[in-house]
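> Numbering (the numbering used here), first residue to last: 298 to 511.
C-beta atoms are modelled at their ideal positions from N, C-alpha and C, and glycine is treated no differently.
Keep in mind it's a predicted model, so treat the numbers as computed, not measured.
This structure is in structure tokens; I'll ask about it shortly.
Encoded structure:
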């Protein structure tokens, strides 16, 4: 790396920053993701699905919607968690999403600390806050609306997330075989959108990627 940087005539300050980050990331402990364990890929589809479901379930069940889904269609719940959720590791300094970008995913927080930054370019307010696993869910609006991020989320330290693909989630939930369920989900989404549209001072704070005020 040093030889490459010298060949490209990279300045001393940037060269040191590049080398420092490369060294940190090459020597730091990165937790194993599902995709890192080759043995999982040889499991039968049913057993692999059961394993993924068990990994996802504790995080998903912190959100009332998934407990609600289990009560009506537990088979669909299994499909939604297995087929729409992926596992993501963000090293310190990684940008998870940027303000102004269309939201494509919702995030369930496993571990780590992130910095959430808002500026008036894409938000009604300027705000910086640190988020931990206590946050539980980030960018939920992507599941129920066409949401554009109003802030930027950056990993402050190594962070593990479960990412829910919003379009896949919507497609799967709409495919429930329980007759009344799609209508109930549509009503849930309508109420969420109504809450989003009416959230504003002086009654509430402005909505953001970290949540929509009640």
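Can at least three beta-carbon pairs, one atom from the region 460-477 and one from the region 372-385, be found at a separation below 8 angstroms?
Output reads yes: the region 372-385 touches the region 460-477.
> Write down the C-beta distance between residue 381 and residue 462 rounded to the nearest angstrom, noting that I regard them as a contact closer than 8 angstroms.
With a Cβ gap of about 5 angstroms, residue 381 and residue 462 count as contacting.
> Since residue 453 contacts residue 389 with CB under 8 angstroms, what's their CB separation in whole angstroms?
Going by Cβ atoms, the distance from residue 453 to residue 389 rounds to 6 angstroms, so yes, they are a contact pair.
> With the cut-off set at 7 angstroms, would you say residue 378 and residue 357 are in Cβ contact?
Yes, Cβ-Cβ distance for residue 378 and residue 357 is below 7 angstroms.
> If you follow the alpha helix (DSSP H) that residue 321 is part of, which residue opens it and which one closes it?
From DSSP, the alpha helix (DSSP H) with residue 321 extends over 309-324.
> To which residues of the same chain is residue 365 closer than 7 angstroms at the C-beta, ignoring the five residues directly before and after it?
Once the five neighbours on either side are set aside, residue 365 has no close Cβ partner at all.
> Can you tell me where the beta strand (DSSP E) holding residue 402 begins and where it ends?
Taken as a continuous stretch (DSSP letters only), the beta strand (DSSP E) holding residue 402 covers 402-408.
> How big is the Cα-Cα spacing for residue 489 and residue 329?
Approximately 35 angstroms, taken between the alpha carbons.
> Could you please give the first and the last residue of the uninterrupted alpha helix (DSSP H) stretch that includes residue 367?
Looking at the DSSP string, the run of the alpha helix (DSSP H) that includes residue 367 is 361-369.
> Which runs of the beta strand (DSSP E), 3 residues or longer, sit entirely within the region 404-442?
Counting only runs of 3 or more, we get 411-415 and 424-428.
> At what residues does the alpha helix (DSSP H) containing residue 488 begin and finish?
Residues 478-495.
> What is the residue span of the alpha helix (DSSP H) that residue 342 lies within?
Note, residue 342: alpha helix (DSSP H), 342-357.
> So, helix, strand or coil for residue 387, using DSSP?
Correct three-state label for residue 387: strand.
> In three-state terms, what does DSSP make of residue 460?
Note: residue 460 maps to strand in three-state DSSP.
> If I'm right that residue 411 touches residue 451 with Cβ under 8 angstroms, what's the distance once you round it to whole angstroms?
Contact flag correct, Cβ pair sits at about 6 angstroms.
> Assign residue 470 to one of three DSSP states: helix, strand, or coil.
The answer is helix: DSSP assigns residue 470 an H, G or I state.
> Among 305, 341 and 404, which has the Cα closest to the Cα of residue 383?
Ranking 305, 341 and 404 by Cα distance to residue 383 puts 404 first.
> Using beta-carbon positions only, say whether residue 394 and residue 466 come within less than 7 angstroms of one another.
No, they are not a contact pair.
> Could you tell me the distance, in whole angstroms, from the CA atom of residue 464 to the CA atom of residue 487?
Taking the straight line from one Cα to the other gives about 17 angstroms.
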